Amino acid sequence: MYELKDKTILITGGTGSFGKKFVSKILETDVKKVIIFSRDELKQFEMAQEYKDPRIRFFIGDVRDKDRLYRAFEGVDIVVHAAALKQVGICEYNPFEAIKTNIHGAQNIIEAALDRGAERVIALSTDKAANPINLYGATKLASDKLFIAANSYVGNKKTRFAVVRYGNVVGSRGSVVPFFKKMKQTGKIPITDKRMTRFWITLDQGVQFVIDNLGRMKGGEIFVPKIPSMRVVDLAKAIAPECEIEIIGIRPGEKLHETMITEDDARRTLSFDTYYVIQPEFPWWKVEYAKGGKPLPEGFSYVSNTNDQWLSVEDLKNLIKD
Numbered sequence: 001m002y003e004l005k006d007k008t009i010l011i012t013g014g015t016g017s018f019g020k021k022f023v024s025k026i027l028e029t030d031v032k033k034v035i036i037f038s039r040d041e042l043k044q045f046e047m048a049q050e051y052k053d054p055r056i057r058f059f060i061g062d063v064r065d066k067d068r069l070y071r072a073f074e075g076v077d078i079v080v081h082a083a084a085l086k087q088v089g090i091c092e093y094n095p096f097e098a099i100k101t102n103i104h105g106a107q108n109i110i111e112a113a114l115d116r117g118a119e120r121v122i123a124l125s126t127d128k129a130a131n132p133i134n135l136y137g138a139t140k141l142a143s144d145k146l147f148i149a150a151n152s153y154v155g156n157k158k159t160r161f162a163v164v165r166y167g168n169v170v171g172s173r174g175s176v177v178p179f180f181k182k183m184k185q186t187g188k189i190p191i192t193d194k195r196m197t198r199f200w201i202t203l204d205q206g207v208q209f210v211i212d213n214l215g216r217m218k219g220g221e222i223f224v225p226k227i228p229s230m231r232v233v234d235l236a237k238a239i240a241p242e243c244e245i246e247i248i249g250i251r252p253g254e255k256l257h258e259t260m261i262t263e264d265d266a267r268r269t270l271s272f273d274t275y276y277v278i279q280p281e282f283p284w285w286k287v288e289y290a291k292g293g294k295p296l297p298e299g300f301s302y303v304s305n306t307n308d309q310w311l312s313v314e315d316l317k318n319l320i321k322d
């Protein structure tokens, strides 16, 4: 694990599901300070009531505002960038806003980190960034490329950038689990398509994966965890077995199956026991990941419907209960 003692960590979007769990975990270490950077004063107020640790600081700001980021990044060693507009439908119908936050915001984070001398920056991505068909995925693909390319600009600076990409998070704000629980009261669970599959990860696993990769990163990697898939119809059965399933059709920008590593990316990806590393295509990439890392076979892709790990209805019931 990366040594966090006496480090100052800033997390953008820190009042969200990931941010709160991340902060809880980080406060178990000897970290010097944790800065919560977000734009919602009510959520910051509520989080301040819940977390009484004197090492926490709350900073109102938007990643679109470069000047505010420069102020917030003073003395920061580590940045975890979790702020984004994430709802597929909302991004489809508000594209300019998604671009301002997810792309321009990423550039602002990069420039502030470089100019303020942060050591390590990890940006959270999504499976929707691989072969995107919706605007949210497209903005996150652009963001991923910005963070990877940012390593070309570090020169003699110590700043390094990496990306973590994973799938749906069980029980996170905006996830399908609370929606299905709400719809359970109506006696009907709406499913877009019975064939639909998704990658699935718990909040604890997602947070730990980010922390682990703060230690692994050299700068330029996209880290992808090896996680199970699930069928959305099985999730509905796990949550509301007594309910009728109503097929409503795929929504704008929605995929039947999600991809985390495309066949093209697989050619420069190494496989480890519990994760993959997509290596950057830049001449400066000289990192040797030979220890334990294996090249992927020709034609490999990491897609939710062809995954070799699956969650059963019973597995999903236990996850939801936990």
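According to this note's numbering, the sequence shown is numbered sequentially starting from 1.
Note that beta-carbon positions come from the ideal geometry of N, C-alpha and C, so glycine has one too.
Note that the structure is predicted; figures quoted are calculated from it, not measured.
Item                                                                                                                 : Value
Assumed close pair isoleucine 78, leucine 214 - CB separation to whole angstroms, cut-off 8 Å                        : 7 Å
Beta-bridge pairing of leucine 42 - partner residues as DSSP gives them                                              : For leucine 42, which the question treats as bridged, DSSP gives no partner whatsoever.
Coil, strand or helix - histidine 104 by DSSP                                                                        : helix
Environment of threonine 332 [buried if 16+ CB atoms lie within 10 Å]                                                : Here the chain comprises residues numbered 1 to 322, so residue 332 is not present and cannot be evaluated.
Where valine 172 falls, given that 16 or more other Cβ within 10 Å makes a residue buried                            : Correcting the residue type first, residue 172 is serine in the shown sequence and not valine. Buried, by the Cβ-count rule.
Identity of the residue in Gly14, Arg68, Thr159 nearest alanine 82 by Cα                                             : Gly14
Inter-residue spacing [alpha-carbon to alpha-carbon] between lysine 86 and tyrosine 136                              : 6 Å
Counterpart residues of proline 190 in DSSP-defined beta bridges                                                     : Glu246
One or two residues paired with lysine 33 in a DSSP bridge                                                           : Thr8
Simplified DSSP state of phenylalanine 209, which is helix, strand or coil                                           : helix
N-terminal and C-terminal residue of the alpha helix (DSSP H) that serine 24 is part of                              : 17 to 26
Distance between glutamate 74 and aspartate 65 (C-alpha atoms, nearest Å)                                            : 15 Å
Helix, strand or coil at serine 172 according to DSSP, with G and I counted as helix                                 : coil
Reference asparagine 108, options Pro132, Gly61, Asn131, Gly89, closest by Cα                                        : Gly61
Whole-Å CB distance - glycine 293 paired with valine 277, under 8 Å assumed                                          : 7 Å
Exposed unless 16 or more other CB atoms sit within 10 angstroms - verdict on lysine 52                              : exposed
Rounded Cβ spacing between alanine 162 and glycine 220 (contact assumed at less than 8 Å)                            : 7 Å
Own chain partners of proline 132 with C-beta closer than 8 Å, once the 5 adjacent residues on each side are dropped : Ala138, Lys140, Leu141
Assigned secondary structure, leucine 124 (DSSP; H/G/I helix, E/B strand, else coil)                                 : strand
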